[in-house]
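Colleague:
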Amino acid sequence: MPLLEVKNLTVEFHIPEGVLKALDGISFMLNEGEVLGIVGESGSGKSTTALSIMNLLPAPSGRIKEGEIFFKGEPLLEKIDELRGKDISMVFQNPLNSLNPSLKIGQQLMEVLQEHMDMSEEKAWNESIEALRMMGIPDPETMMNRYPFEFSGGMRQRAMIAMAMLCRPKLLIADEPTTALDVTIQAQILRIFKRLKKATQTSIIFISHDLSVIAQIADRVLIMYAGKILEISSVRDLFKRPLHPYTQGLLKSIPSFSKEKGKKLYSIPGNVPNLLNPPSGCVFHPRCPYTKEICNLETPPNFKVGNSTVSCWLFKGADVVETT
Ligand SMILES: Nc1ncnc2c1ncn2[C@@H]1O[C@H](COP(=O)(O)OP(=O)(O)OP(=O)(O)O)[C@@H](O)[C@H]1O
Ligand SMILES: [Mg+2]
2 MPLLEVKNLT VEFHIPEGVL KALDGISFML NEGEVLGIVG ESGSGKSTTA
52 LSIMNLLPAP SGRIKEGEIF FKGEPLLEKI DELRGKDISM VFQNPLNSLN
102 PSLKIGQQLM EVLQEHMDMS EEKAWNESIE ALRMMGIPDP ETMMNRYPFE
152 FSGGMRQRAM IAMAMLCRPK LLIADEPTTA LDVTIQAQIL RIFKRLKKAT
202 QTSIIFISHD LSVIAQIADR VLIMYAGKIL EISSVRDLFK RPLHPYTQGL
252 LKSIPSFSKE KGKKLYSIPG NVPNLLNPPS GCVFHPRCPY TKEICNLETP
302 PNFKVGNSTV SCWLFKGADV VETT
């Protein structure tokens with residue numbers, strides 16, 4: 002049984018301009034111990050996917066319109082309040098939003114342990130120090146008494162990951178955990194995730210708009226575009242044989258993977274669609290080099306190709322994956 006299963010999830014934001022469909026019937030699963038990468042350009046629905054699982058969509062505008070989420074085979078949203086912060090935790094895209102600016106780091110860590118694990122103050126203090134140490138924070142005893150604003154960006158991110166991992170969750174969702182950091186710090190944080198992957202049983206959803214980051218950490222990857230999943234592949238298959246034209250475009254845009262070294266780096270022509278008024282048929286068809294007639298008429302189903310699934314008419318004739 003997969004640890005997490007998302008079925009046909011559709012999420013809307015009701016905004017003054019109209020109804021924006023941020024997720025349009027996405028389905029995927031996450032196996033125990035697996036690291037699943039989610040990749041896509043800005044606005045493709047990565048954070049919305051994460052926030053839906055956590056049941057933290059901004060109220061009242063964000064709503065789950067359709068679909069189901071299962072955790073260990075049971076409907077998740079009914080009991081997410083019990084699980085959040087303990088069995089399922091998240092590192093948010095903006096760490097300042099999730100650390101309380103007016104509480105010392107140590108106090109925040111200890112509160113998590115005392116609330117979820119019913120720990121004595123002394124034990125919580127020691128465990129918190131250990132958690133910070135594990136994340137490579139120097140002099141953790143002193144750092145316990147500091148406020149978030151006294152931490153550098155990289156240290157804050159480490160503290161966030163320490164906090165998310167405190168209760169040894171079954172599932173950790175990391176939303177662009179390296180994006181806001183400079184390159185050296187990015188590499189350090191990525192190393193921390195690699196270590197977590199090796200040393201813990203925690204399954205991880207790792208979100209990034211950068212496929213080269215995902216390649217280093219994930220086992221499988223979801224390629225998202227305009228609220229849809231266009232391809233699900235293992236990292237190996239994805240780089241060996243990208244199926245969807247969008248995935249091929251993303252790969253060509255990565256400097257180290259580009260075949261034409263020295264030439265100007267490829268970028269996919271056109272822009273991401275406006276989700277208030279999405280294109281008909283396949284959402285990618287206005288930017289796709291292989292568009293044919295059916296592409297703007299009908300939304301492609303998910304075709305099964307090897308161990309991957311791909312939503313593209315180029316694979317018409319392959320078996321269709323049932324998702325509901
Ligand atoms: N609170 C909100 N109110 C209205 N629309 C929203 C809200 N949050 C997200 N959206 C819209 O939903 C769509 C998906 O946004 P989401 O934040 O999930 O994208 P993302 O893939 O995480 O992008 P990024 O890489 O920039 O973080 C976008 O069109 C975005 O404008
Ligand atoms: Mg986001």
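Our numbering applies: residue 2 is where the sequence shown begins, and numbers increase by one. Where a beta carbon is used, it is the ideal one built from N, C-alpha and C, also for glycine.
1. When you measure from the CB of residue 53 to every non-hydrogen atom of ligand 2, does any distance come out below 7 Å?
2. If you draw a straight line from the alpha carbon of residue 137 to that of residue 196, how long is it in whole angstroms?
3. Taking residue 1 as the reference, give the member of 306, 7, 285, 297 with the closest Cα.
4. Can you name the residues that DSSP bridges to residue 10?
5. So if DSSP puts residue 226 in a beta bridge, which residue, or which two residues, is it bridged to?
6. Note down the Cα distance separating residue 60 from residue 37, rounded to an integer number of angstroms.
7. Suppose only complete runs of 4+ residues qualify. What are the alpha helix (DSSP H) ranges in the segment 14-76, listed by chain order?
8. Kindly provide the ranges of any alpha helix (DSSP H) runs that are 4 or more residues long and lie completely inside the segment 226-307, ordered along the chain.
9. Which term fits residue 16, buried or exposed, when burial requires 16 or more other beta carbons within 10 angstroms of its beta carbon?
10. In chain order, what are the residue ranges of uninterrupted alpha helix (DSSP H) at least 4 long that sit wholly in the segment 97-167?
11. Ligand 1 and residue 45: does the residue's C-beta get closer than 7 Å to at least one heavy atom of that ligand?
12. Evaluate residue 265 with the Cβ neighbour count: other Cβ atoms within 10 Å of its Cβ, from every protein chain shown; 16 or more gives buried, anything less gives exposed.
13. How is residue 188 classed by DSSP in three states: helix, strand or coil?
14. Are residue 164 and residue 94 touching if we call contact CB-CB under 8 Å?
15. Starting from the C-beta of residue 10, find all residues in its chain whose C-beta is less than 8 Å away, skip the five residues before and the five after it, and write them out in chain order.
16. For residue 90 and residue 293, what's the separation of their Cα atoms in angstroms?
17. For the alpha helix (DSSP H) holding residue 213, just list the boundary residues, first then last.
18. Pair every Cβ in the segment 200-208 with every Cβ in the segment 140-160, then say whether three or more of these pairs are closer than 8 Å.
19. Check for me: the beta strand (DSSP E) holding residue 82 runs from which residue to which?
20. What first and last residue would you give for the beta strand (DSSP E) that runs through residue 93?
21. Just mark residue 277 as buried or exposed, buried being the case when its beta carbon has 16 or more other beta carbons within 10 Å.
22. Distance check for residue 113 and residue 141, CA to CA, integer angstroms please.
23. Between 86, 176, 243, which lies nearest to residue 46 when the distance is taken from Cα to Cα?
24. Could you tell me the alpha carbon to alpha carbon distance between residue 314 and residue 246, rounded to whole angstroms?
25. For residue 291, count neighbouring C-beta atoms within 10 Å of its own C-beta (all shown protein chains included) and say buried if the count is 16 or more, exposed if not.
26. Where does residue 317 sit, in a helix, a strand or coil, going by DSSP?
27. The beta strand (DSSP E) that contains residue 175, what's its start and end?
28. If you compare alpha carbons, which of 320, 134, 227 is closest to residue 48?
29. Locate the beta strand (DSSP E) running through residue 324, then write down its first and last residues.
30. Can you grab the Cα-Cα spacing for the pair residue 268 / residue 307, in whole Å?
Modeller: Once the coordinates are examined:
1. Taking the sequence shown and counting its residues from 1, one reaches residue 53 at position 52. Not so, every heavy atom of ligand 2 lies at least 7 Å from the Cβ.
2. Mapped onto the sequence shown, residue 137 falls at position 136. Mapped onto the sequence shown, residue 196 falls at position 195. Taking the straight line joining both Cα atoms gives about 11 Å.
3. Look at the range of the chain in this structure, 2 to 325, and you will see that residue 1 is not part of it.
4. Working through the sequence shown from its first residue, we reach residue 10 at position 9. Answer by DSSP bridge pairing, in chain order: 27.
5. As a position in the sequence shown, residue 226 is number 225, starting the count at 1. Answer by DSSP bridge pairing, in chain order: 229.
6. Position 59 of the sequence shown, counted from the first residue, corresponds to residue 60. Position 36 of the sequence shown, counted from the first residue, corresponds to residue 37. Cα to Cα, the separation comes out at about 27 Å.
7. Within the segment 14-76, the complete alpha helix (DSSP H) segments of 4 residues or longer fall at 47-54, listed in chain order.
8. 236-241, 246-253
9. By one-based count along the sequence shown, residue 16 stands at place 15. It is exposed - the Cβ of residue 16 has fewer than 16 other Cβ atoms within 10 Å.
10. Complete alpha helix (DSSP H) runs here, min 4: 106-118, 122-135, 141-144, 154-166.
11. Counted from its first residue, the sequence shown places residue 45 at position 44. Flag set: Cβ of residue 45 near ligand 1.
12. In the sequence shown, residue 265 corresponds to position 264, counting from 1. Looking at its Cβ environment, which holds fewer than 16 other Cβ atoms inside 10 Å, residue 265 is exposed.
13. To locate residue 188, count along the sequence shown from 1; it is residue 187. Helix, per DSSP.
14. Counting from one through the sequence shown, the residue named residue 164 turns up at place 163. Counting from one through the sequence shown, the residue named residue 94 turns up at place 93. Cβ atoms of residue 164 and residue 94: not closer than 8 Å.
15. Taking the first residue of the sequence shown as position 1, residue 10 is located at position 9. Contacts found: 24, 26, 27, 28, 50, 53, 65, 67, 68, 69, 70.
16. Here residue 90 is taken as the residue at index 89 of the sequence shown, counted from 1. Here residue 293 is taken as the residue at index 292 of the sequence shown, counted from 1. Spanning the two alpha carbons is a distance of roughly 43 Å.
17. Residue mapping note: residue 213 aligns to position 212 of the sequence shown, counting from 1. Looking at the DSSP string, the run of the alpha helix (DSSP H) that includes residue 213 is 212-218.
18. no
19. Numbered from its first residue, the sequence shown carries residue 82 at position 81. Where residue 82 is concerned, there is no enclosing beta strand (DSSP E), although the alpha helix (DSSP H) it sits in stretches over 81-84.
20. On the sequence shown, residue 93 is found 92 positions in, with the first residue counted as 1. No beta strand (DSSP E) contains residue 93, which DSSP labels as neither H nor E.
21. The residue you call residue 277 lines up with position 276 of the sequence shown. Residue 277 is exposed by the Cβ-count criterion.
22. Locating residue 141 in the sequence shown gives position 140, counting from the first residue. Locating residue 113 in the sequence shown gives position 112, counting from the first residue. Computed Cα separation, rounded: 17 Å.
23. Numbered from its first residue, the sequence shown carries residue 46 at position 45. The option with the nearest alpha carbon to residue 46 is 176.
24. On the sequence shown, position 313 is the one that residue 314 refers to. On the sequence shown, position 245 is the one that residue 246 refers to. Going by the C-alpha atoms only, they are around 11 Å apart.
25. As a first step, residue 291 must be located in the sequence shown, where it is residue number 290. Residue 291 should be labelled exposed.
26. As a first step, residue 317 is located in the sequence shown; it is residue number 316 there, counting from the start. Reduced to three states, the DSSP call for residue 317 is strand.
27. In the sequence shown, residue 175 corresponds to position 174, counting from 1. Where residue 175 is concerned, the enclosing beta strand (DSSP E) starts and stops at 172-176.
28. Sequence index remark: in the sequence shown, residue 48 carries index 47 (1-based). The shortest Cα separation from residue 48 among 320, 134, 227 belongs to 227.
29. The residue labelled residue 324 in the question sits at position 323 within the sequence shown. Counting along the chain, residue 324 falls outside any beta strand (DSSP E), and DSSP gives it neither H nor E.
30. Numbered from its first residue, the sequence shown carries residue 268 at position 267. Numbered from its first residue, the sequence shown carries residue 307 at position 306. Rounded to the nearest angstrom, the two C-alpha atoms are 28 Å apart.
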